[in-house]
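For reference, the structure discussed in these notes is given below.
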Amino acid sequence: MTSEKKLKKDSIFAEPKQHIVDFAFDDAVADVFPDMIRRSVPGYDTLITSIAVIAERYSQPDSRVYDLGCSHGAATLATYSRLKNTNVEFFAVDSSESMMRHCKEQFSHHISGTEVVCLQEDIWETEIEKASVVIMNLTMQFIAPDRRQALVDKIYNGLLPGGALILTEKIHYSEPSQDDLLVSLYHHFKSANGYSELEISQKRTALENVMKLNSIDQHHSRLRSAGFSQVSQWFQCFNFVSLLAVR
Ligand code: GEK
């Protein structure tokens, strides 16, 4: 888990903006990310701790663990702390230069030498091989929907038999009244965490073109089409779920 003690407060959308530009993982976001993600993702710390527990269960000797869209590297760090005395290799991948800078800085406090390979690249460029565990914690939602099946296929092909993909996503419900309920509970969660109505609505607009949500059924069928033999939902808090897919 991240050790950043004093989290810089996220106030990116606190003032009224004339033009809301598409959300980007730039310096401003990367600087406040640990605060933003905890106040915006219900159960984030539980997710991180539990991902490490699941990763430990599925890791295999002489294999690799990938964290795709690692941001500050929280999932890698938590997993590394459970597996550091094994011969598992870690790959932390993020396309954002700002995120990768923070990630390397985080790792420098906790990890000696070059035990985690940090790759600042698009997931599309990442060669996934000999993987026992692939973590995609809240990243698939930022991948173009028409490329998601190809990405899941690529992850499946890079996993060893018995290897696991841990996939956490914000989801939408196809039944409108259910979706409205979960979205409104989620907004209530954000306002309980100190975000104003203005912040919630401006961020929502900024994310509209960038973050495209699937339903849980779409995630299940994509994972099944790729060939995963077992797909289990192990986490849900409001409209955030996490799936464990085993090859
Ligand atoms: C955590 N997993 O704290 N290639 C590489 N990275 C990407 C791509 C891409 N195509 N698209 C988006 N990203 C983290 C949280 S945040 C979730 C993940 C959020 C990266 C992007 O730069 C960002 O760092 C991350 O995916 C998504 O456990 O902010 O809601």
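Residue numbers (the working numbering): -8 to 238. By construction, the Cβ of each residue, glycine as well, lies at the ideal position given by its N, Cα and C atoms. Keep in mind that this is a model prediction, so the values were computed, not measured.
Check	Outcome
Y186 by DSSP, collapsed to three states: which one?	coil
Can you list, in chain order, the residues of its chain with a C-beta nearer than 7 Å to that of C102? Leave out the 5 residues immediately preceding and following it.	Note that residue 102 is Ile in the sequence shown here, rather than Cys. Once the five neighbours on either side are set aside, the close Cβ partners of I102 are Y71.
Quick check on the DSSP output: the beta strand (DSSP E) that includes S233 runs from which residue to which?	F231 to V237
Any contact of the segment 171 to 184 with the segment 138 to 145, i.e. 3+ C-beta pairs under 8 Å?	no
Taking L173 and F229 to be in contact with their CB atoms under 8 Å, please state how far apart those CB atoms are, rounded to whole angstroms.	6 Å
Using a C-beta cutoff of 9 Å, does S223 count as contacting chain C?	Here there is only one protein chain, and chain C is not present.
Distance check for N128 and G154, CA to CA, integer angstroms please.	16 Å
With a threshold of 16 other CB atoms inside 10 Å of the CB of E116, please say whether the residue is buried or exposed.	exposed
Taking DSSP as the reference, what is the three-state secondary structure of T40?	helix
Spatial neighbours of V108 within its chain, please: CB distance less than 8 Å, with the 5 preceding and 5 following residues excluded, ordered by chain position.	E80, F81, F82 and A83
Using a threshold of 8 Å, is the CB atom of G60 nearer than that to any non-hydrogen atom of ligand 1?	yes
Anyone know if the C-beta pair for K219 and L151 falls short of 9 Å?	Before going on, a small fix: residue 219 reads as Phe here, not Lys. No. Outside cutoff.
Please confirm whether E166 and H210 have their CB atoms less than 9 Å apart.	no
Measuring only from the beta carbon, is S212 closer than 8 Å to any heavy atom that is part of ligand 1?	no
What residue range is occupied by the uninterrupted alpha helix (DSSP H) comprising P25?	D18 to S31
So the candidates are S223, T196 and Y57; which of them puts its Cα closest to the Cα of D85?	Y57
Using a 10 Å radius around the Cβ and a threshold of 16 neighbouring Cβ atoms, would you call E112 buried or exposed?	exposed
Who are the Cβ neighbours of D170 in its own chain at under 6 Å, not counting the five residues just before and after it?	H163 and Y164
Any idea which residues DSSP pairs T130 with across the strands?	According to DSSP, T130 bridges with nothing at all.
Under a three-way DSSP split, which group does K95 fall into?	helix
Where are the beta strand (DSSP E) runs, 3 residues long or more, that stay fully inside the segment 46 to 100, in chain order?	55 to 59 and 80 to 84
Hey, would you say K75 sits closer than 9 Å to E106, going by beta carbons?	yes
What do you get for V32, buried or exposed, if any count of 16 or more other CB atoms within 10 angstroms of its CB means buried?	buried
Keeping to the same chain, check which residues put their C-beta closer than 7 Å to that of M91; ignore five residues upstream and five downstream.	D85, C109 and Q111
First and last residue of the alpha helix (DSSP H) that includes D207?	The displayed chain sequence assigns Ile, not Asp, to residue 207. Start and end: I207 to A217.
Consult DSSP for D154 and reduce its assignment to one of helix, strand or coil.	The sequence shown places Gly at residue 154, not Asp. The answer is strand: DSSP assigns G154 an E or B state.
Label S(-6) either buried or exposed according to how many other C-beta atoms from any shown protein chain fall within 10 Å of its C-beta, with 16 as the threshold for buried.	Summary for S(-6): the model assigns pLDDT 46, below 50, so the residue's position carries little reliability, and this model does not support an answer.
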